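These notes are about the structure you will find just below.
Numbering (full-length UniProt numbering), first residue to last: 1 to 407.
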């Protein structure tokens, strides 16, 4: 096949890393590479909770695609994917369509609301740059409004976060940092503000080491976070959240519910006819969906089973980046006719969760536990290492978190 068309859908972790690796490993005469993305920037999903809380400006989180992708080597198309037609080897965009010889699907996640009444209509989600900005602006508006009404409304100052997984815990940690600043700025007594984390599971950070979970909860509770553990959200309205705990229903007056309790793969993948479970498609160890040798799926839309646990690997940035690196190497081998394709094997090097206030928890390498400043420093190293892979030293200097020991 002469100069095959490689089309990459999405510029999240998996998509942009695939494009960057391919532009380095394939020559102009090897293949035509096209990257499609809704926006002209890539963003660090793992920093969005900071944007939503207002502790990090959103411009730090987004990276212009032209700053890391050589647009003379990769054809960048800013457009929205509306349909994937794998049997026709075609992708439909809002403003046209593309044919491909090889397709890389890296379209990211959507919020999963599990059918909870009112959640989709009244809750906010930390999905992207714009949804995160909306949360920050909404919280600031409520603080500004609180002292400018004849009758104070407590629902303005009750911030409820649904879900105590990674995103929920990291977000309430940043909120715990931000709230004292907002109180000072808008003349609101700190004791009037509540940060409430509601989790259906019997523990926060389900599946995480109990000692680390206890440390995280103690750290957050000391800064004013309230936990409702084993509490199932039943309904969200414009001015309240209803949950059930120990067979009793309770209501929290609030107009700020941030849903961080569930994600699913992109519905476009489901609609394309691939076998899927909530938008995630089982893929082979070559990252191909069943029945399609010319399609590869990476990131949130790819479902890979962990043979040890019998459960799917969680769709993390770490795995998406590793998938992209392996896929780029395999595509180079396929296109150059070298024949050798390496199976993908996740290499989980550790997991770190920030708690705000220069505090964090983590497990790295062979199960070593990290608490406090050590975990915070490790998280910054992980973030900077990604930037180094993506855009080299200039990107680290421009976007990285370089002050490791500001404690």
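Ideal placement from N, C-alpha and C gives every residue a C-beta, glycine not left out. Values in this document were obtained by computation on a predicted structure and should not be read as measured data.
Neighbour-count burial assignment, residue i, 16 or more Cβ in a 10 Å radius
| i | result |
| --- | --- |
| residue 359 | buried |
| residue 80 | exposed |
| residue 51 | buried |
| residue 114 | exposed |
| residue 37 | buried |
| residue 71 | exposed |
| residue 23 | buried |
| residue 383 | buried |
| residue 380 | buried |
| residue 141 | exposed |
| residue 315 | buried |
| residue 64 | exposed |
| residue 393 | exposed |
| residue 288 | buried |
| residue 62 | buried |
| residue 405 | Residue placement at residue 405 cannot be trusted, given a pLDDT of 45 that sits under 50; what the coordinates show is reported in the next sentence. Residue 405 should be labelled exposed. |
| residue 219 | buried |
| residue 296 | buried |
| residue 21 | buried |
| residue 238 | exposed |
Residue range of the beta strand (DSSP E) that includes residue i
| i | result |
| --- | --- |
| residue 34 | 32-37 |
| residue 7 | 5-9 |
| residue 354 | 350-356 |
| residue 49 | Counting along the chain, residue 49 falls outside any beta strand (DSSP E), though it belongs to the alpha helix (DSSP H) covering 48-53. |
| residue 291 | No beta strand (DSSP E) holds residue 291; DSSP gives it neither H nor E. |
| residue 359 | 359-364 |
| residue 344 | Looking at the DSSP string, residue 344 is not in any beta strand (DSSP E), and its letter there is neither H nor E. |
| residue 295 | 295-297 |
| residue 41 | 41-43 |
Host alpha helix (DSSP H) of residue i (start-end)
| i | result |
| --- | --- |
| residue 96 | From DSSP, residue 96 is part of no alpha helix (DSSP H) but of the beta strand (DSSP E) over 96-99. |
| residue 373 | 372-399 |
| residue 20 | 13-25 |
| residue 329 | 317-335 |
Integer Cβ distance of residue i from residue j, believed to fall under 8 Å
| i | j | result |
| --- | --- | --- |
| residue 150 | residue 14 | Their Cβ separation, rounded to whole angstroms, is 52 Å, which puts residue 150 and residue 14 out of contact at 8 Å. |
| residue 232 | residue 221 | At roughly 21 Å, the Cβ-Cβ gap does not stay under 8 Å, so residue 232 and residue 221 are not in contact. |
| residue 29 | residue 5 | Not a contact, Cβ separation roughly 14 Å. |
| residue 111 | residue 263 | 6 Å |
| residue 372 | residue 363 | At roughly 14 Å, the Cβ-Cβ gap does not stay under 8 Å, so residue 372 and residue 363 are not in contact. |
| residue 102 | residue 331 | 6 Å |
| residue 299 | residue 279 | With a Cβ gap of about 11 Å, residue 299 and residue 279 do not count as contacting. |
7 Å CB neighbourhood of residue i in its chain, flanking five on each side removed
| i | result |
| --- | --- |
| residue 94 | 79, 80, 82 |
Spatial neighbours of residue i in its chain, beta-carbon cut-off 8 Å, leaving aside the 5 residues before and after
| i | result |
| --- | --- |
| residue 195 | 159, 161, 172, 175, 176, 179, 224, 225, 226 |
| residue 240 | 155, 251, 252, 253, 254 |
| residue 92 | 81, 82, 83, 84, 85 |
Close Cβ partners of residue i (< 6 Å) along its chain, the five nearest in sequence each way excluded
| i | result |
| --- | --- |
| residue 138 | none |
| residue 8 | 15, 18, 19, 35, 104 |
| residue 46 | 317 |
| residue 357 | 177 |
| residue 44 | 61 |
| residue 123 | 236, 257, 259 |
| residue 407 | Its pLDDT being 38, under 50, residue 407 is placed unreliably by the model, and nothing is read from it. |
CB contact below 8 Å: residue i versus chain C
| i | result |
| --- | --- |
| residue 151 | Judged by its chain identifiers, the structure shown contains no chain C, having just a single protein chain. |
**OP:** Quick one: which unbroken alpha helix (DSSP H) runs of 4-plus residues sit fully inside the segment 58-138? Chain order, please.
**Re:** 58-61, 119-122
**OP:** Write down every uninterrupted run of the beta strand (DSSP E) in the segment 155-241 whose length is 3 residues or greater and which is fully enclosed by it, in chain order.
**Re:** 158-162, 194-199, 225-229, 232-236
Subject >> Start-end ranges of the beta strand (DSSP E) lying completely within the segment 249-275, minimum 3 residues >> reply: 256-259, 263-265
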